[in-house]
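Residue numbers (our numbering), protein chains in the order written: chain A, 396 to 700; chain B, -4 to 284; chain C, 150 to 474.
Just so you know, even glycine gets a beta-carbon here, dropped at the ideal spot from N, CA and C.
The structure presented is a predicted model; accordingly, all values stated were derived computationally and were not measured.
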Amino acid sequence: MLRFFLRRFAVAVLVALTVLTLAFLLTRISGDLAISIAGPNATQQDIETIREAYGLNRPLHVQYLDWLGRAVQGDFGESYFFRDRVANLIAARMPVTLTLGLVGLAIALVVSLPLGILAAVREGTWVDRAVTMVALVGQAMPSFWLGLVLMVVFGLQLAWLPISGTGSWEHFVMPGVVLAFSAIPSLTRLTRSGMIEALASDYIRTARAKGLSRLSILVKHGFRNAAIPVVSIAAVQLGFMLGGSIVIETVFALHGVGYLAWESISKNDFPVVQAVVLVLALLYIALTLLADLLNAVLDPRLRTS
Amino acid sequence: MTTIATTAGGGRRTLLGNWGFLVGAGIVGFCAIVALLAPWIVPYDPFAIDLERRLVPPSFMEGGDPRNFLGTDQLGRDYFSRLIYGARISMVIGVLTVITSGVIGITLGVLGGFYGGKIDDAVVFAITTRLSIPAVLVALAVAALRGSSFMLVVLVLGLLLWDRFAVVARSTTMQIRNLDYVAAAWCAGVSRWWVLTREVLPNIATHLAVVATLEMALAILLEAALSFLGLGVPAPLPSWGLMISEAKEYMFFTPWVIIIPGAALFVLVLGVNLLGDALRDMMGTDLSR
Amino acid sequence: MSALLEIEGLRVTIGSTAAVRGASLTVNKGETHCLVGESGCGKSITALSVMGLLPKGSRRETTALRFAGQEIGRFGERDMSRLRGDRMAMIFQEPMTSLNPAYTVGSQMTEVLRRHRGTPRAQAVDRAAELLARVGITAPGLRLGQFPHQLSGGLRQRVMIAMALMCDPELLIADEPTTALDVTVQAQILRLLAGLQKDLGLGILLITHDLGIVARVADRVSVMYAGEVVESAPTAALFTAPDHPYTRGLLSCVPVPGKVKRDEPLGSIPGVVPRIQPGFAGCGFRDRCAMATPACAGTIPRRDAGGGHEVLCVLEPRWGGAAAA
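Given below as structure tokens:
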């Protein structure tokens, strides 16, 4: 068990290092960084100055090692545009993105767990088919478009919620709902299939033979086992949702990390972009580790072996 | 006499499958035909600007003009014609991305599943690494650095979306490799190539077909998102995502400008997903994880 | 002896298969009643329909279904769930998968008592420990805190039995409880059941296909074939004077030391168990039966051979003189 986690942790570190390297290469193999930074109207002189100032004239491996050395210490350099440490910028924006991710996940779970259980209990009926349709619709919904439609309907026409920006909790409602849409289909399907499997199992028959109440059979005995994969996938989904927050934060002008990345991309502020890619990747890696840990906590067969 | 009947269950999935298959295939087939025949069926040139007639509502709405079935956009271009060309972009991006990511993912997955050991470890590592990279962000960054173009979008999406192909190809290849009849073929002294092409590939093909539909849907959605953010297919190409992006300034006054391309996007992706779901049901494969 | 469980005219259809076709049997208080037959003959379905645990898509009809004198055929799920685990309990063939992997043995045992009696946790734990000791588990305190995957198959089946006894049931239905276990463990479990039955005065409906088990533990035997109880008799009567051609065939398949001579082949019944469609009439065994006549396609009479021995056959009891086995 401990060995398993040490191994998983070692792999995670290796993945993180690979992502670090890829994040570095991302900005280098795509052409001459100095030209990109200088912009279209720059003179040759400007480009030379930039190359000098950012150390881009050094050999690539020197640049890489220098960058790597700083990055592992949490130093992602300075933003070209904001004139601030990249680490500070990200730290300031992170709470918004994390809040959005957690709100989205919470909404997704509140919707998909009951739907999945309902579909499993009524397997093969119109209820089941309706739930399957909901999952399909959610899967096909373009998130940015859903965001815009919600803005028109709830922001403008009904005027229930603020259209965009960051401020009160109300600003997180629509983005949270839109983000939840991306996780609802997979969580619903997983809950459904897990519940169907659990409900068909021998231990459910035992629970019924014991005369337990319907609620106890469904939740305590059925869902408890179906929940094991759902919980770990939910953790991984949170990682995907954070990674995908750039679209939603841009649509709703929610000033989180994704919005920061979006601003930086349009301003050719590559140290920031690089750092955001890295931070989101590291968050994902951490969440997959958490998922494994949760799995072990929830599944006694893993925990005690 | 006392009769107790428990509710019937099961056996209905195939019915839904067939229903979903018909609808899904209908939508996808329709879009494919429209995309293919676009130049011959559009009523107007989708790029022709007419600043005199901007944001004309669709013909079935108040103030609509029968000449423009779906109205005109902010530059007076015929919305219906642009929508039809948009189908072309979505379909082509979807298909090309699936081919690119399919080649990468299936190669990696089959190698890992077939050879196992160190090779498999490397493949699993590649998949893990790929999954940890935020795809949309990287795609945007690359597009910003290189300047976006149609082929770049295909290439970036193809390079980013191979993971599910690899995961499914790997696990199914492993299952096939360990089957008794394949073991029997080994013992009969056939070559690796023979086992790979005669036993493994035909047997995993059905699973991969399901993945292909899911990936196509994802690619279409991602292209739209990238174009929406201005770093996908470059203007003036009428990508549905770009149409929504260009129209969003006007959406509070004339919501139909975003409803129309968004609905088209939604219906096409739904169709592709329905097709994939139906395939999955018919083959009884479960790829939910 | 008074009747504990009376099943009359039980019919179960699952999808398009008539799984049970008018089966009747009675389990008396404090008696072990064995239900024997080949796999697929409807034994398990009979047991499950008594408990109200039939799978989805099945349909049950009964002329009468009485438990301790009370008609339970019309009971809904709510009423049945009050009986189950409390006054009637069941153990299953698959000890490996019948316990919930997510909960400890103790938690799964105590919840029965808490559900039916509202017993406080501490008392329920004591009762569980007592019963684990009763079914021959050493260190019950330790086992209560363990998860099912930490126990062997034999131990799990003992836990299942102990769990079934939590509320002192009057009826215990055991569906092939030893089939999945090692031979040595099988004997232990059977001895345990026999002991419990004697000590607690349980009525046991034991389902098995193993005639060796029947001979050792049963007070009374019912033989099922193709969804019908074709013969029912006290154990000794059934083994010494079987009347139904199927029973005779079944007994001739069993090697009995001293009776079977060297080099003499064991008996076998030709053919396979038919899958019965609804609407099938007559004797289900007639296609495999050497004594079949055209009358076998009609209504089959239930004949009383005396001494509580009943046969469902067109032939007179004691046909052909001595028993074949």
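Exposure of residue i, with buried meaning 16 or more beta-carbon neighbours within 10 Å
i	result
C:C183	buried
C:Q257	buried
B:S57	The identity of residue 57 of chain B in the sequence shown is Glu, whereas the question assumes Ser. With fewer than 16 Cβ atoms within 10 Å of its Cβ, B:E57 is classed as exposed.
B:M(-4)	With a pLDDT of 45 at B:M(-4), under the threshold of 50, the modelled position of this residue cannot be trusted, and the question is left open.
B:E218	buried
A:I502	buried
A:R402	exposed
C:T195	buried
C:T448	exposed
B:N13	exposed
C:G218	exposed
C:P326	buried
B:T168	buried
C:Q346	buried
B:P34	exposed
A:D664	buried
C:Y395	buried
A:T683	buried
Short CB-CB distance (under 8 Å) between residue i and chain E
i	result
A:D687	Going by chain labels, chain E is absent from the structure shown, which instead holds the protein chains A, B and C.
Beta-carbon proximity of residue i to residue j, cut-off 8 Å
i	j	result
B:L221	A:P537	no
A:A411	A:L675	no
C:A273	C:T259	yes
B:S85	B:G153	no
A:A621	A:G653	no
A:V631	A:A575	no
C:E187	C:H358	yes
B:G266	B:L209	no
C:L300	C:A278	no
B:L290	B:V118	The displayed coordinates of chain B run from -4 to 284. Any statement about residue 290 of chain B would go beyond what the structure contains.
A:L513	A:V526	yes
B:I255	B:L70	no
B:V163	B:V195	no
B:I94	B:R72	no
C:S207	C:V161	yes
C:T181	C:D412	no
B:I28	B:A214	no
C:G538	C:V334	Missing from the structure shown is residue 538 of chain C; chain C here goes from 150 to 474 and no further.
A:M569	A:G542	yes
C:R437	C:G420	yes
Range of the contiguous beta strand (DSSP E) that encloses residue i
i	result
A:V381	In the structure displayed, chain A extends from 396 to 700; residue 381 of chain A sits before or after that span and is not available.
B:R125	It is not in any beta strand (DSSP E) - B:R125 instead sits in the alpha helix (DSSP H) that spans 112 to 127.
A:D523	Here A:D523 belongs to no beta strand (DSSP E); instead the alpha helix (DSSP H) covers 521 to 535.
A:I512	Premise fails: A:I512 lies in the alpha helix (DSSP H), 481 to 516, not in any beta strand (DSSP E).
C:N177	166 to 177
N- and C-terminal bounds of the alpha helix (DSSP H) containing residue i
i	result
B:N268	251 to 278
B:H202	196 to 223
A:S588	568 to 594
B:V149	145 to 155
Own chain residues within Cβ distance below 7 Å of residue i, not counting five before or after
i	result
A:I623	N690, L693, D694
C:A466	The question names Ala, but residue 466 of chain C in the sequence shown is Pro. Counting only Cβ-Cβ distances below 7 Å, and skipping sequence neighbours, we find D392, R452, A454, V460.
C:A474	In this prediction, C:A474 has a pLDDT of 42, which is less than 50 and means its spatial position is unreliable; nothing more can be read from the coordinates.
B:L226	L135, A138, A139, S143
A:I680	A407, V410, A411
Own chain residues within Cβ distance below 8 Å of residue i, not counting five before or after
i	result
A:I612	I599, A602, R603
B:R49	T67, D68, Q69, L70, G71
Close Cβ partners of residue i (< 6 Å) along its chain, the five nearest in sequence each way excluded
i	result
A:A593	G617, N620, A621
B:G111	none
B:I201	Rather than Ile, the amino acid found at residue 201 of chain B in this sequence is Thr. The residues are M278.
C:P289	A278, L281, A282
B:Y39	D73, S76
Check whether the region 375 to 392 of chain C and the region 424 to 442 of chain C are in contact - that is, three or more C-beta pairs closer than 8 Å. yes
Do three or more CB pairs link the region 322 to 330 of chain C to the region 246 to 255 of chain C at distances below 8 Å? no
Is it a yes or a no for the region 464 to 471 of chain A touching the region 654 to 663 of chain A, going by three-plus beta-carbon pairs under 8 Å? no
Pairing CB atoms from the region 227 to 245 of chain C with CB atoms from the region 302 to 319 of chain C, are three or more of them under 8 Å? yes
Check whether the region 160 to 171 of chain C and the region 324 to 342 of chain C touch, using three or more Cβ-Cβ pairs below 8 Å as the test. Too few Cβ pairs lie closer than 8 Å, so no.
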